[in-house]
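Everything on this sheet refers to the single structure shown next.
Number of protein chains: 2
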Amino acid sequence: MGYAETFKALSDPARRQILELLKKGPLSAGDIGSHFDMTGATISYHLKILKQADLIFESKEKNFIYYQLNTTVLEEIMLWISSLQGGGKDD
Amino acid sequence: MGYAETFKALSDPARRQILELLKKGPLSAGDIGSHFDMTGATISYHLKILKQADLIFESKEKNFIYYQLNTTVLEEIMLWISSLQGGGKDD
DNA sequence: ATAGTATTTAGAAATATTTCTAAATACTTA
DNA sequence: TAAGTATTTAGAAATATTTCTAAATACTAT
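For the protein sequence lines, the chains are A and B, in the order given. All you need for the numbering used here is the position in the first sequence, starting with 1, plus 2. All you need for the numbering used here is the position in the second sequence, starting with 1, plus 2.
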């Protein structure tokens with residue numbers, strides 16, 4: 003909800019890397035954490051930011067929470083960026 | 003130079019609005035400032051951030067500095083976003 | 001129920017961002 | 001050269017972000 007939230011979420015390198023990991027498919031918080039030199043608490047914080055920006059969603063299964071990419075919001079910001087690129091005197 | 007810089011620059015509403023204003027053509031720092039309820043110093047700060055992110059460039063003319071959109075970097079981040087969207091198991 | 005694993009929440013410290021005022025710089029023109 | 005306009009820089013205050021440790025929650029399986 004809102005470009006600020008989306009762009010802010012994308013501005014952190016760890017969060018961008020999380021999205022890239024999720025490109026290949028769903029991962030648990032623990033799996034994600036294993037790619038970083040950060041505590042689980044910090045990973046959880048970044049996942050929360052990504053979730054709030056609607057860039058990922060979660061699904062619980064057994065003892066795990068799996069995270070997946072949500073590309074809907076990405077399409078919206080692509081549109082915003084396109085409008086800047088294409089835009090001329092008459093927009 | 004670096005997605006972090008670009009996304010961080012785009013995460014501020016004032017800076018996004020500046021880019022939208024520049025869509026229509028070059029504007030001086032003062033012209034830009036007249037659209038906001040902020041001091042000139044603050045506008046100058048935001049312009050510096052956008053400049054550092056290569057989202058705008060300036061050209062001096064008479065007593066004014068004119069700012070213009072630079073869409074090159076926008077294309078790069080569109081590519082990064084596209085790669086997330088299209089990406090499947092084999093990327 | 002108990003113990004174990006996975007993840008989040010709370011609280012605190014360090015750092016970064018945003019904004020202001022006041023002063024400095026740069027350029028123009030009388 | 002002096003005065004005026006446009007913009008930036010410096011320094012400080014308020015707020016936000018990122019990270020940690022320690023504790024809490026949630027679920028599983030014995």
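For every residue, glycine included, the Cβ atom is placed at its ideal position computed from N, Cα and C.
- DSSP, read as helix, strand or coil, puts S30/A in strand.
- Cβ proximity to chain B below 9 Å picks out L71, T73, L76, E77, I79, M80 and W82 from the segment 64–82 of chain A.
- Taking the Cα of A16/A as reference, the smallest distance to any Cα among G27/A, L52/A and A6/A is reached at L52/A.
- For P15/B, the chain A residues whose C-beta falls within less than 7 Å of its own C-beta are A6, listed in chain order.
- By the beta-carbon neighbour count (other beta carbons within 10 angstroms, threshold 16), G35/A is buried.
- The C-alpha of Y68/B is placed about 45 Å away from the C-alpha of H37/A.
- Close partners of F9/B in chain A (Cβ separation under 7 Å): F9, L12 and S13.
- Non-local beta-carbon contacts of F66/B in its own chain, meaning distances under 8 Å to residues more than five positions away in sequence, involve S30, A31 and G32 in chain order.
- It is roughly 39 Å from the alpha-carbon of E60/B to the alpha-carbon of T44/A.
- For Y5/B, same chain residues with a beta-carbon under 7 Å away, outside a window of 5 residues either side, are I79 and W82 in chain order.
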